[in-house]
DNA sequence: AGCCTGCTGTCAGATTCTGGCAGCATCGAT
DNA sequence: ATCGATGCTGCCAGAATCTGACAGCAGGCT
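Residue numbers (our numbering), protein chains in the order written: chain Z, 1 to 236; chain F, 1001 to 1236.
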């Protein structure tokens, strides 16, 4: 196994362990000496991997994705840049900033002439005409990532308000509105909530008892099934 | 200089030369022997770089972008995936396919658990309500990339049709319509053309005499300047 | 204090990389 | 057909790099 492959493996092993892992354990798993492991960690850190080591504890990899060297065609890079520019114009500030950061990160590692091409990529995203929401969608995305329950107040199409506690698992971006998809504890069913009708967002920190992937899959099945209202009908 | 750095350099040098370059030249530029160069080329090809060598000619790198190892945060990868999903739903078929390819390419190099996360990334893009255009936007994007003149028939808001020959340099994606930005030879000015009002697209193969970056910059300046109509007003 | 752990320096041996050489194949020009 | 330029591969010895072992220091926990 070449050194570069081993470095990717190391990232992968670190990701598997959520708790801190000792260097000795890692060295064993990879079949190298502890000294080499320290060198590998240093190399990865030098490449920007967010690995943190603390004496007495071990190593942790902060959540994130490591991409190996990758080749994209002109059209593929145009698609990524255009898509990121669209995201960068979303009203969700944190996500927009992340899109801008990702683009900057890509631009930073490119040679000058390619960076110019990227800057001058002539696919533009027009201004948006949005129903602005009062809540911070970043909180919703975090709850989805962590699979934790979320409380809020919902005002339905008729203007009636109600308090909800839900298990959020998806966020859909439409042309003008954003919609959270979740299991509603009150209704005991999947429900869709327009972000501009939500308020008083309160993350609970309580994990909900299902995997979001499973709920997403089940929810998609209900969309395809006939005789039952899908995303459009059962809002709130 | 480490070997991996040298490989990136090699890509960069290959990009600079548009014509085929002999291995001997490349080896000189990088300060290594011809034998090592052959090995480096083989390594890059093994990593997926589209380098082609032909006996009697030399090496050419097909256009594209090589990204070195890169680290993204959760939110950054979410932004890229969401953006690419949005692009993948655009009516521009080729661009949509490129977005899907880029996502697949990223997914292919990730370990299984990360790939699942990617598949299950719970940011969805809603269906689109578009004015569908009759033309192939891929032709427009190609003309922009190549900086070549483009001919077509334009039907303005009043329904009057006219033949145009323009220097296209940007393509803007609005919620419902796509707009090509170009210098119009007939009007001798920047003009904006809604894609759904264009027909009879004919790429000319003739290079226009300016850089698209320069035109983009100049056009943007006209948007900011007062007392002059910008993007919204001078359509067609 | 004692233990576990991270981290660095040093150095010899193992591993990999590199350059030179030889040889063959392919393409275009003469 | 011949020739030159070029791509491409195998081989091998020397150079460069990587690796493992050891020693030593520092920080956190019991």
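In this text, a Cβ means the ideal position worked out from N, Cα and C, and glycines have one as well.
Against chain F, with Cβ distances strictly below 8 angstroms, would residue 124 (chain Z) count as a contact? So, interface residue.
Just grab the DSSP bridge partners of residue 134 (chain Z) for me. Paired residues: none, contrary to the question.
Test: residue 6 (chain Z) CB closer than 8 angstroms to a CB of chain F: Interface flag for residue 6 (chain Z) against chain F is unset, since no Cβ pair is found closer than 8 angstroms.
Other residues of its chain near residue 1144 (chain F): CB distance less than 8 angstroms, five sequence neighbours each side excluded: Excluding positions up to five away in sequence, the list reads 1168, 1169, 1170, 1171 and 1212.
Can you tell me where the beta strand (DSSP E) holding residue 1124 (chain F) begins and where it ends? Note, residue 1124 (chain F): beta strand (DSSP E), 1123 to 1125.
Tell me, to the nearest whole angstrom, how far the beta carbon of residue 1082 (chain F) is from that of residue 174 (chain Z); I am working on the premise that it is less than 8 angstroms. Not really, about 13 angstroms apart at Cβ, beyond 8 angstroms.
Members of the segment 1039 to 1051 of chain F near chain Z, C-beta cut-off 8 angstroms: Listed by position along the chain: 1047, 1048, 1049 and 1050.
Between which two residues does the alpha helix (DSSP H) holding residue 1185 (chain F) run? Looking at the DSSP string, residue 1185 (chain F) is not in any alpha helix (DSSP H), and its letter there is neither H nor E.
Here's a check: name, in chain order, each residue in its chain whose Cβ is nearer than 8 angstroms to the Cβ of residue 1034 (chain F), leaving out the five neighbours to either side. Same-chain partners within the cutoff: 1023, 1024 and 1027.
Among residues of its own chain, excluding the 5 on either side of residue 15 (chain Z), which ones have a beta-carbon nearer than 7 angstroms to its beta-carbon? Setting aside the 5 residues that flank it on each side, residue 15 (chain Z) is surrounded in the same chain by 61, each with a C-beta closer than 7 angstroms to its C-beta; the list follows chain order.
For the candidate residues F:1181, F:1194 and F:1136, whose alpha-carbon lies nearest to that of residue 1218 (chain F)? Comparing Cα-Cα distances from residue 1218 (chain F) to each of F:1181, F:1194 and F:1136, the minimum goes to F:1181.
Taking all protein chains shown into account, decide if residue 1084 (chain F) is buried (16 or more other Cβ within 10 angstroms of its Cβ) or exposed. Of the other Cβ atoms in all chains shown, 16 or more fall within 10 Å of the Cβ of residue 1084 (chain F); this residue is therefore buried.
Under the three-state reduction of DSSP, which class applies to residue 1158 (chain F): helix, strand or coil? In the structure shown, the three-state DSSP call for residue 1158 (chain F) is coil.
Examine chain F for any beta-carbon lying closer than 8 angstroms to the beta-carbon of residue 94 (chain Z), and answer yes or no. Yes, residue 94 (chain Z) counts as interfacial toward chain F.
For residue 44 (chain Z), the first and last residue of its enclosing beta strand (DSSP E): That residue, residue 44 (chain Z), is in no beta strand (DSSP E); its alpha helix (DSSP H) goes 34 to 46.
Closer than 8 angstroms at the beta carbon, the chain Z residues around residue 1186 (chain F): Against chain Z, a Cβ distance below 8 angstroms from residue 1186 (chain F) picks out nothing, because the smallest value is about 21 angstroms.
Is the shortest distance between the beta-carbon of residue 1212 (chain F) and the beta-carbons of chain Z less than 8 angstroms? Yes, because at least one Cβ of chain Z sits closer than 8 angstroms to the Cβ of residue 1212 (chain F).
State buried or exposed for residue 1149 (chain F), treating a residue as buried only when at least 16 other CB atoms are found within 10 Å of its CB. Classification for residue 1149 (chain F): buried.
Partner residues on chain Z for residue 1268 (chain F), Cβ-Cβ distance less than 7 angstroms: For chain F, the structure presents residues 1001 to 1236; residue 1268 (chain F) sits outside this window and is missing.
Can you look up residue 1246 (chain F) in the DSSP assignment and give me helix, strand or coil? Look at the range of chain F in this structure, 1001 to 1236, and you will see that residue 1246 (chain F) is not part of it.
In three-state terms, what does DSSP make of residue 1210 (chain F)? In the structure shown, residue 1210 (chain F) sits in coil (DSSP, three-state: anything other than H, G, I, E or B).
Let me confirm a value: residue 122 (chain Z) is counted as buried when at least 16 other C-beta atoms fall within 10 Å, else exposed. Which label applies? By the neighbour-count criterion, in which 16 or more other beta carbons inside 10 Å mark a residue as buried, residue 122 (chain Z) falls on the buried side.
Per DSSP, which residues does residue 148 (chain Z) bridge with? Please list them. According to DSSP, which records beta bridges pairwise, residue 148 (chain Z) is partnered with Z:207.
Provide the residue(s) that pair with residue 1194 (chain F) in DSSP beta bridges, ordered along the chain. Residue 1194 (chain F) has F:1179 as its beta-bridge partners, per DSSP.
Who are the neighbours of residue 53 (chain Z) on chain F, taking C-beta pairs under 7 angstroms? Against chain F, a Cβ distance below 7 angstroms from residue 53 (chain Z) picks out nothing, because the smallest value is about 17 angstroms.
Which class does residue 189 (chain Z) belong to by DSSP, given the choice of helix, strand or coil? Three-state result, residue 189 (chain Z): strand.
Count the other C-beta atoms from every protein chain shown that fall within 10 angstroms of the C-beta of residue 1076 (chain F), then say buried if there are 16 or more, exposed otherwise. So residue 1076 (chain F) ends up on the buried side.
Pull up the distance between the alpha-carbon of residue 1146 (chain F) and that of residue 1004 (chain F), whole angstroms please. So the alpha carbons of these two residues sit roughly 31 angstroms apart.
Interface residues of chain Z around residue 1063 (chain F) at Cβ under 9 angstroms? Correct list: 73 and 74.
What are the residues of the segment 1156 to 1176 of chain F that lie near chain Z, defined by any Cβ-Cβ distance shorter than 8 angstroms? Correct list: 1169, 1170, 1171, 1172, 1173, 1174, 1175 and 1176.
When we look at the beta-carbon of residue 1238 (chain F) and count the other beta-carbons within 10 Å, is it buried (16 or more) or exposed? An answer regarding residue 1238 (chain F) cannot be provided, because it is not within the stretch 1001 to 1236 covered by chain F.
CA nearest to the CA of residue 1092 (chain F), picked from F:1042, F:1115, F:1074 and F:1176: Closest option to residue 1092 (chain F), Cα to Cα, is F:1176.
Examine chain F for any beta-carbon lying closer than 8 angstroms to the beta-carbon of residue 234 (chain Z), and answer yes or no. In this prediction, residue 234 (chain Z) has a pLDDT of 43, which is less than 50 and means its spatial position is unreliable; nothing more can be read from the coordinates.
Just to make sure I have the definition right: I need the residues of chain F whose C-beta is within less than 7 angstroms of the C-beta of residue 132 (chain Z). Which are they? Correct list: empty, because the minimum Cβ distance to chain F is about 15 angstroms.
Residues of the segment 1098 to 1115 of chain F with a CB closer than 8 angstroms to any CB of chain Z: list them in chain order, please. Those would be 1098, 1099, 1101, 1102, 1105, 1106, 1109, 1110, 1111, 1113 and 1114, in chain order.
Just verifying my parser: in three-state terms, what is the DSSP assignment at residue 1023 (chain F)? For residue 1023 (chain F), the three-state secondary structure derived from DSSP is helix.
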